[in-house]
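S.K.:
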Amino acid sequence: MCIHDENLVISSNSLWHPDDQTKPTARAPGATDLYRPDVLDTIEAKIRELNAELRVLSLDIHAHPELKFEEHYAHDVYTAFMEKHGFKVERKYHLETAWKATYAHGSGGRTIGVNSEMDALPGIGHACGHNLIGMSGVAVALAIKAALEKHDIPGNISLLGTPAEEGDIGKVMLFEKGAYADMDVCLMCHPAPGPVGSVSLSSCLAVRQITVEYKGHTAHAALSPWEGINALDAAVLGYNNISVLRQQIKPTHRIHGIFVGKDWAPNIIPDYAKFICMIRAPTRSEMLETVKRVVPCFEAAALATGCEVTMTVDFEAFDLRQNTTLGSEVANIVLNKYGDIDYEWGISKASTDFGNITYELPSLHPGFAIPSIKNGGNHTAAFTKAAFTIEAHDAALDVSKALAQTAIRVLTDDKFFEEVKRTFEEDKKHR
Numbered sequence: 005m006c007i008h009d010e011n012l013v014i015s016s017n018s019l020w021h022p023d024d025q026t027k028p029t030a031r032a033p034g035a036t037d038l039y040r041p042d043v044l045d046t047i048e049a050k051i052r053e054l055n056a057e058l059r060v061l062s063l064d065i066h067a068h069p070e071l072k073f074e075e076h077y078a079h080d081v082y083t084a085f086m087e088k089h090g091f092k093v094e095r096k097y098h099l100e101t102a103w104k105a106t107y108a109h110g111s112g113g114r115t116i117g118v119n120s121e122m123d124a125l126p127g128i129g130h131a132c133g134h135n136l137i138g139m140s141g142v143a144v145a146l147a148i149k150a151a152l153e154k155h156d157i158p159g160n161i162s163l164l165g166t167p168a169e170e171g172d173i174g175k176v177m178l179f180e181k182g183a184y185a186d187m188d189v190c191l192m193c194h195p196a197p198g199p200v201g202s203v204s205l206s207s208c209l210a211v212r213q214i215t216v217e218y219k220g221h222t223a224h225a226a227l228s229p230w231e232g233i234n235a236l237d238a239a240v241l242g243y244n245n246i247s248v249l250r251q252q253i254k255p256t257h258r259i260h261g262i263f264v265g266k267d268w269a270p271n272i273i274p275d276y277a278k279f280i281c282m283i284r285a286p287t288r289s290e291m292l293e294t295v296k297r298v299v300p301c302f303e304a305a306a307l308a309t310g311c312e313v314t315m316t317v318d319f320e321a322f323d324l325r326q327n328t329t330l331g332s333e334v335a336n337i338v339l340n341k342y343g344d345i346d347y348e349w350g351i352s353k354a355s356t357d358f359g360n361i362t363y364e365l366p367s368l369h370p371g372f373a374i375p376s377i378k379n380g381g382n383h384t385a386a387f388t389k390a391a392f393t394i395e396a397h398d399a400a401l402d403v404s405k406a407l408a409q410t411a412i413r414v415l416t417d418d419k420f421f422e423e424v425k426r427t428f429e430e431d432k433k434h435r
């Protein structure tokens, strides 16, 4: 069943306007001739053929949201789907809910990696559109397969089902286990609010999550509070220290978090409190510099209250290093066929564990715009609804076509692939 809500297409914070919601009918300025338009015709035909199946797949995942490392339903649905379409499938690949689907045509050839995310968010389901991301990965892989077969192109496809992007680093865990070792490039995409028909090649924020635990001593809060050492006070002081620090950090940086208690009661001095904190910045190096300023905020709070403090790094995700050669190819395809290109919006103020992958091999992670209401961006209930719409589905398939066509150029154009590698190495100098 498809629900179309006209209220989903409205302006938001002047980022776009309702009368901008049309795709261009002619090649946009700046576009150049397409590489192998015959192959793109094959890709478009295959995705058009699979459109109904892909829509059902996306809505099925959307209707069964699962939290990080609990994506058992998604694991089974995706693996069955890929097996049905001629891929070799490895279930529970390194992680309980991860999977790998591979296909090879001819002998030798380079390997294209693709990612399909699966997990949802607590309470609000697929509010980051991972149903679209997962479906897009499938579409890219199947479109590449069709092109390899029809045009007799040697090459390999490695599609990973990657768990736990929300609040963890499933891709990093898979990388450490060798899941990306065979890939020459890796591709995926991500939805965000924006002008419909627009694809963004922005980066994202690097992030480190730290869990800070304070331990004190209980006491009766009225009878003898002087006997207590208040762990909650320590956590609150740490939070307030960060609030003061925010005045002296760059506006592009982010520090935020939540309190977590255990056995709290209003008439007992808490002997335990936890503060889970995320520190973000535009690059990994900037983020690490900000971490150096945040840590003393927690240490000072412990000193002031007499509590013991323990800090644990939960995970770290890097900024996206979009490969400029891959990005230029996607941009040209989009400008020729599907819409506009932007280098600012996308998920530029969010974070993803795919950033770590872009540090390790040439990769691309474009954002694609889907229609949402004002203040209804990623991680809101409104975005969950937006990720269900036919407009979002169509946008995901358009960027999937561009990614699949870019993959074919990696496989068939040696000079292009050498440039992909050269720009990857050049980027290392600026990290």
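Residue numbers (my numbering): 5 to 435.
For glycine and all other residues, C-beta sits at the position ideal for the given N, C-alpha and C.
#1: Roughly how far, in whole angstroms, is the beta-carbon of Ala238 from the beta-carbon of Ala277, given that I think they are within contact range, below 8 Å?
#2: Based on the DSSP output, what are the partners of Leu191 in its beta bridges?
#3: Let me know the secondary structure DSSP gives Cys132 once reduced to three states.
#4: When burial is assigned at 16 or more other CB atoms within 10 Å of the CB, is Pro167 buried or exposed?
#5: Which residues does DSSP list as the beta-bridge partners of Val93?
#6: May I have the straight-line CA-CA distance separating Ala406 from Thr393, to the nearest angstrom?
#7: Please return the same chain residues whose Cβ sits closer than 6 Å to the Cβ of Gln252, not counting the five positions on each side in sequence.
#8: Under the rule that 16 or more other beta-carbon atoms within 10 Å means buried, what is Leu227, buried or exposed?
#9: Just tell me which of Ser206, Thr356 and Arg114 has its CA closest to the CA of Arg413.
#10: Can you find the residues in the same chain that come closer than 6 Å, C-beta to C-beta, to His79, ignoring five residues on each side of it along the sequence?
#11: Pick out whichever of Gln409, Phe263, Arg59 and Leu99 has its Cα sitting closest to the Cα of Phe73.
#12: Specify the secondary structure class of Glu180 as computed by DSSP and reduced to three states.
#13: Using the beta-carbon count (16 or more within 10 Å), is Glu75 buried or exposed?
#14: In whole angstroms, what separates the C-alpha of Leu61 from that of Lys254?
#15: Need the endpoints of the alpha helix (DSSP H) that Thr388 sits in, please.
#16: For His383, count neighbouring Cβ atoms within 10 angstroms of its own Cβ and tell me buried if that reaches 16, exposed if not.
#17: What's the C-alpha gap between Asp431 and Thr309?
#18: Would the beta-carbon of Leu125 fall within 7 Å of that of Glu170?
#19: With three or more beta-carbon pairs closer than 8 Å as the criterion, would you say the stretch 349-361 touches the stretch 330-337?
#20: If you run the structure through DSSP and keep just helix, strand and coil, what is His155?
#21: With hydrogens ignored, establish whether the beta-carbon of Gly141 is closer than 6 Å to any heavy atom of the ligand COA.
#22: Using DSSP with H/G/I as helix, E/B as strand and the rest coil, what is Ser204?
#23: Would you mind listing the alpha helix (DSSP H) stretches within the stretch 258-345 that are 4+ residues and don't spill past its ends, in chain order?
M.R.: Looking at the coordinates:
#1: Indeed they touch by this definition, with Cβ atoms about 7 Å apart.
#2: Leu191 pairs with Val118 and Leu368.
#3: Here Cys132 sits in coil by DSSP.
#4: Label assigned to Pro167: buried.
#5: Ala105, per the DSSP bridge assignment.
#6: Cα to Cα, Ala406 sits roughly 21 Å from Thr393.
#7: Result list for Gln252: empty, nothing under 6 Å.
#8: By the C-beta density criterion, Leu227 is exposed, having fewer than 16 other C-beta atoms within 10 angstroms.
#9: If we check each option's Cα against that of Arg413, Arg114 comes out closest.
#10: The beta carbon of His79 sits closer than 6 Å to the beta carbons of Thr101 and Trp103 from its chain, once the five residues preceding and following it are set aside; these are given in chain order.
#11: Among Gln409, Phe263, Arg59 and Leu99, the Cα nearest to that of Phe73 is on Leu99.
#12: It is helical.
#13: With 16 or more Cβ atoms within 10 Å of its Cβ, Glu75 is classed as buried.
#14: Counting only the Cα atoms, Lys254 lies some 42 Å from Leu61.
#15: Ala385 to Ala390 is the span of the alpha helix (DSSP H), which, as asked, contains Thr388.
#16: That one is exposed.
#17: Rounded to the nearest whole angstrom, the CA to CA distance from Asp431 to Thr309 is 46 Å.
#18: Yes.
#19: Contact between the stretch 349-361 and the stretch 330-337 is absent, with fewer than three C-beta pairs closer than 8 Å.
#20: For His155, the secondary structure class from DSSP, reduced to helix, strand or coil, is coil.
#21: As for the ligand COA, it is missing from this structure, which has no ligand bound.
#22: Three-state DSSP puts Ser204 in a strand.
#23: Fully enclosed alpha helix (DSSP H) runs of 4 or longer: 288-309 and 328-341.
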